[in-house]
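A.B. asks: Have a look at this one before I ask anything.
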Amino acid sequence: MSVDFGAAHVVVRRGGLSARLHLRTLVACLALTAALAAAAIVALSLGDLPLSPAEVVTALFGADDGFAGTVVREWRLPRTTAAVLFGLALGVSGAVLQTLTANPLASPDVVGISSGSYAGGLVVIVLLGGGFTATAMGSLIGGLATAIAVYLLAYRRGVQGFRLIIVGIGLGAMLSALSTYLLLRARVEVAMTATAWGAGSLTPVGWPQLLPAAAVIAAALILLVVLSRPLHQLELGDDASHALGVAVERSRLALLVCAVALTAVVTAAAGPIAFVSLAAPQIARRLTGGAGISLAAAGLVGALLLTVSDTVAQHALPVPFPVGVVTVVIGGCYLVWLLVREARRTA
Amino acid sequence: MTAVADASPAPAAGRRPGRQRPGGPAARRRAIGIALAAGALLCVCLASIVLGSKPIPLAEVVDAFTDPGAGGENVRIVLDLRLPRTVTGIVVGVALGLAGAVIQALTRNPLGDPGLLGVDAGAAVFVTVGVVVFGTVTPLQDLAFAVAGALVVTAAVAGIGSVRGVADPIRLTLAGIAVAAVLTGITTALMLLNPDSFHRLQGWKAGTFVERGWDVVLPVVPFLAASALLALALARALNSVGLGEDAATALGVNVARTRLLSVVAITVLAGGATAIAGPIAFVGLMVPHVARWLIGPDQRRILLLSMLLAPTLVLASDVVGRLVLAPGELPVGIVTAFVGAPVLIALARRARASAL
């Protein structure tokens with residue numbers, strides 16, 4: 003028996019598992035993957051030693067043991083990998099939070115979770131003097147504490163969308179002030195590293211930071227594959243999801259932890275990179291045309307956004323910029339557009 | 020639903036009968052409130068002159084004022100560093116408090132603040148463009164760029180934040196934050212592109228009174244004073260606008276002119292404050308609320324009291340910023356953000372604000 007879902011879809015069956023895939027989402031994801039691969043190759047080919055795309059591909063797959071191979075694999079690959087992975091993490095994190103709160107503005111950067119992660123990481127660096135793992139833990143704890151604080155402060159007979167945003171912005175401002183204070187009281191060497199980190203930059207990211215971050219991101223993404231069904235059932239409302247057999251509170255908490263962990267680990271490695279998690283899910287939603295946000299599409303858009311932004315920040319401008327400066331401009335313009343469009347629809 | 024309700028918060032209701040009789044308990048309470056605010060301002064002014072990385076005994080401060088010719092080190096610190104800094108704090112505070120009060124009254128928006136609405140960021144980006152692209156150096160050039168930036172951003176944010184000409188407070192705030200984010204990004208980019216101006220702008224960007232001598236403050240003061248008078252002159256019209264556009268028109272107020280003049284006052288006040296000290300957020304948000312809570316919903320009194328409370332807050336924040344990191348300093352804008360953000364959260368939690 004076939005059920006009409008209202009949109010074209012394909013069913014994949016393999017062994018005991020089967021999945022029904024929304025056709026347009028599938029096509030969008032494939033196109034995004036292709037675009038992402040192209041963007042990554044361009045990013046790898048630019049620099050003091052310009053290479054052709056063919057040379058990059060040759061170097062990537064180890065067929066080139068010469069200088070070009072070293073440049074691509076040792077110097078440029080960590081950065082580009084970081085851009086792709088971190089963009090993916092930010093996009094998915096934003097998609098989960100926006101879906102959970104049913105609010106297109108509730109992304110980790112707008113509601114202060116990034117600021118919380120940054121402040122948490124700074125506390126570890128400045129006050130405790132920890133290494134990368136400790137900093138990442140500090141970021142995670144800071145992010146989670148902020149998320150919980152925002153939720154509780156915004157709670158007043160239910161959480162109303164805009165109140166959540168304003169409370170998050172307020173808390174974010176406070177935490178940024180705290181971060182500035184910590185930076186100013188830190189020793190100069192510590193403050194210098196921490197300031198570069200604070201602008202949101204992929205420059206300090208090498209394999210030693212990338213590998214643990216990638217492990218956390220992979221774990222969170224695998225967990226989210228399992229949780230994506232409850233996530234989309236939660237969109238129907240608590241009562242309906244109860245009826246569908248979802249453990250509502252437990253799923254919500256697990257989803258929140260995953261989303262915060264994704265943002266926190268990126269913040270720990272590269273600093274607060276603004277607005278990717280805000281814009282990516284909404285762009286993905288428009289590309290896939292579905293009712294909800296596809297996590298895979300959101301992640302791919304995030305990866306594409308961050309890779310392109312970092313390439314622009316590195317090569318298109320006379321001086322290399324922290325990528326956060328580029329994403330804040332792109333994301334801010336996008337937010338303005340979102341508000342204008344919404345206003346027109348209401349009018 | 021609009022923000023009309025906010026113009027008359029609950030505390031005012033209990034005092035309403037008292038307002039009929041001049042000299043009654045309400046009037047006495049208002050007088051006490053204003054006297055206390057003035058006293059507090061005097062105290063923080065004194066603290067701002069006495070306290071710092073080198074505390075100076077009160078007797079020597081008195082000596083410095085009575086005998087400015089004596090060339091002791093402490094006299095120079097008082098007259099050349101602390102006094103201009105204190106005056107800067109007062110000037111910037113008055114400008115920010117008034118700008119916030121006028122924004123809140125005009126837009127009937129409890130979340131109105133030149134910092135939150137991006138006006139400061141607009142002024143900042145234009146000043147940065149002036150420094151980086153046109154090589155401006157004098158305070159008046161800074162002021163011109165700041166006011167132009169404030170004006171452009173005010174118009175843009177009002178346009179983005181309004182639906183069919185009605186400005187919704189939350190939407191306005193979001194529009195302001197989005198625009199401010201973009202502009203802050205551009206400001207940072209411009210500073211990174213031009214290392215020479217980086218140093219001049221770095222401290223200024225967080226909002227600070229450090230190294231603001233007479234030469235920076237005095238040229239801007241006449242413009243700020245003129246727009247402060249303009250704001251005070253508009254108070255009565257703003258009271259009527261608070262009742263809604265139709266009611267204001269019926270009361271004989273020219274709404275369009277009031278709006279235009281208010282925008283002029285806001286942009287010069289906020290732009291001037293930013294030109295002097297950099298963007299300082301949350302002062303314009305907090306102060307009018309405290310003033311309204313103390314003294315009732317009449318804009319004339321709110322504006323007057325804001326002129327006393329805002330410099331008190333700014334100077335107190337500056338003194339705190341000097342003390343917590345001594346011998347270093349915390350920029351005043353960071354302290355006001357730390358104090359002001361909880362106020363924003365409390366306002367957002369209020370049932371009325373969220374139903375706006």
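Those protein sequences? They're chains S and H, same order as listed. Going by this note's numbering, the first residue of the first sequence is number 3, and it counts up by one from there. Going by this note's numbering, the first residue of the second sequence is number 20, and it counts up by one from there. Glycine included, each C-beta is placed from N, C-alpha and C at the ideal position.
Alpha carbon to alpha carbon, how far is residue 43 of chain H from residue 33 of chain H? Give it in angstroms, no decimals.
C.D. replies: Any reading at residue 33 of chain H must be qualified, since the residue scores a pLDDT of 43, below 50, and its modelled position is unreliable; no value is offered.
A.B. asks: Are residue 166 of chain H and residue 286 of chain H closer than 8 Å when you measure CB to CB?
C.D. replies: Going by C-beta atoms, residue 166 of chain H is nearer than 8 Å to residue 286 of chain H.
A.B. asks: On a Cα-Cα basis, can you pick out the residue from H:333, H:240 and H:282 that is closest to residue 11 of chain H?
C.D. replies: Residue numbering for chain H in the displayed model covers 20 to 375; residue 11 of chain H lies beyond these limits and cannot be assessed.
A.B. asks: Along the chain, where does the alpha helix (DSSP H) containing residue 72 of chain H start, and where does it finish?
C.D. replies: If you look at residue 72 of chain H, you'll find it isn't in any alpha helix (DSSP H); DSSP assigns it neither H nor E.
A.B. asks: Are the CB atoms of residue 61 of chain S and residue 75 of chain S nearer to each other than 8 Å?
C.D. replies: Closer than 8 Å, so yes.
A.B. asks: Distance, Cα to Cα, residue 283 of chain S vs residue 228 of chain H?
C.D. replies: 42 Å
A.B. asks: Judging by CA-CA distance, which residue of S:104, S:267 and S:190 is the nearest neighbour of residue 220 of chain S?
C.D. replies: S:267
A.B. asks: For residue 105 of chain S, verify whether its CB is less than 7 Å away from any heavy atom of the ligand MG.
C.D. replies: With respect to the ligand MG, the structure offers nothing, as it holds no ligand at all.
A.B. asks: Restricting to Cα atoms, I'd like to know which of H:188, H:225, H:197 and H:155 is closest to residue 216 of chain H.
C.D. replies: Selected option, being the one with the closest Cα: H:155.
A.B. asks: When DSSP builds the beta bridges, which residues end up paired with residue 20 of chain S?
C.D. replies: S:15
A.B. asks: Can you name, in chain order, every residue of its own chain whose Cβ lies under 6 Å from the Cβ of residue 63 of chain H, other than the five neighbours on each side?
C.D. replies: 331, 334 and 335
A.B. asks: Residues of the region 153-187 of chain H with a CB closer than 9 Å to any CB of chain B: list them in chain order, please.
C.D. replies: Within the model displayed, chain B is absent; protein chains S and H are what it includes.
A.B. asks: Say whether chain S places a C-beta atom closer than 8 Å to the C-beta of residue 208 of chain H.
C.D. replies: yes
A.B. asks: Could you say which of H:181, H:297 and H:274 lies nearest to residue 230 of chain H if we only look at CA atoms?
C.D. replies: When only C-alpha atoms are compared, the closest one is H:297.
A.B. asks: For chain S, check one thing: does any of its Cβ atoms lie closer than 8 Å to the Cβ of residue 47 of chain H?
C.D. replies: No, residue 47 of chain H lies away from the interface with chain S (no Cβ there is under 8 Å from its Cβ).
A.B. asks: Does the distance from the CB of residue 291 of chain H to the CB of residue 114 of chain H come in under 8 Å?
C.D. replies: yes
A.B. asks: Would you verify that the beta carbon of residue 57 of chain H is, or is not, closer than 8 Å to some beta carbon of chain S?
C.D. replies: no
A.B. asks: Grouping DSSP H, G and I as helix and E and B as strand, with all else coil, what is residue 334 of chain S?
C.D. replies: Three-state DSSP puts residue 334 of chain S in a helix.
A.B. asks: Verify whether the separation of the beta carbon atoms of residue 91 of chain S and residue 264 of chain S is less than 8 Å.
C.D. replies: yes
A.B. asks: Quick one: list the residues of chain H neighbouring residue 186 of chain S, beta-carbon separation under 9 Å, in chain order.
C.D. replies: 344, 347, 348, 349, 350 and 353
A.B. asks: Can you grab the Cα-Cα spacing for the pair residue 60 of chain H / residue 98 of chain H, in whole Å?
C.D. replies: So the alpha carbons of these two residues sit roughly 19 Å apart.
A.B. asks: Residue 257 of chain S and residue 229 of chain S - do their beta-carbons sit closer together than 8 Å?
C.D. replies: In contact: residue 229 of chain S and residue 257 of chain S (Cβ atoms closer than 8 Å).
A.B. asks: If distances are taken between C-alpha atoms only, which option among H:220, H:78 and H:325 comes closest to residue 146 of chain H?
C.D. replies: That would be H:220, whose Cα lies nearest to the Cα of residue 146 of chain H.
A.B. asks: Kindly indicate if chain S contains any beta-carbon less than 8 Å away from that of residue 193 of chain H.
C.D. replies: yes
A.B. asks: With a threshold of 16 other CB atoms inside 10 Å of the CB of residue 135 of chain S, please say whether the residue is buried or exposed.
C.D. replies: exposed
A.B. asks: Can you give me the C-alpha to C-alpha distance between residue 355 of chain H and residue 113 of chain S, rounded to a whole angstrom?
C.D. replies: 20 Å
A.B. asks: Express the C-alpha separation of residue 224 of chain H and residue 225 of chain S in angstroms, rounding to a whole number.
C.D. replies: 42 Å
A.B. asks: Using 8 Å as the threshold, is the C-beta distance between residue 276 of chain S and residue 200 of chain S below it?
C.D. replies: no
A.B. asks: Find the nearest neighbour of residue 338 of chain H within the set H:54, H:58 and H:74, judged by alpha-carbon distance.
C.D. replies: Among H:54, H:58 and H:74, the Cα nearest to that of residue 338 of chain H is on H:74.
A.B. asks: By the 8 Å beta-carbon criterion, what residues does the region 139-171 of chain S contribute toward chain H?
C.D. replies: 155, 156, 158, 162, 164, 165, 167, 168, 169 and 171
A.B. asks: Just to make sure I have the definition right: I need the residues of chain H whose C-beta is within less than 7 Å of the C-beta of residue 183 of chain S. Which are they?
C.D. replies: Taking a Cβ-Cβ threshold of 7 Å, the residues of chain H close to residue 183 of chain S are 349 and 353, in chain order.
A.B. asks: Along the chain, where does the alpha helix (DSSP H) that runs through residue 89 of chain S open and close?
C.D. replies: From DSSP, the alpha helix (DSSP H) with residue 89 of chain S extends over 79-103.
A.B. asks: Please report how far the alpha carbon of residue 162 of chain H lies from the alpha carbon of residue 44 of chain S, in whole angstroms.
C.D. replies: Taking the straight line from one Cα to the other gives about 44 Å.
A.B. asks: Tell me where the alpha helix (DSSP H) around residue 157 of chain H begins and ends.
C.D. replies: Premise fails: residue 157 of chain H is in no alpha helix (DSSP H) and is neither H nor E.
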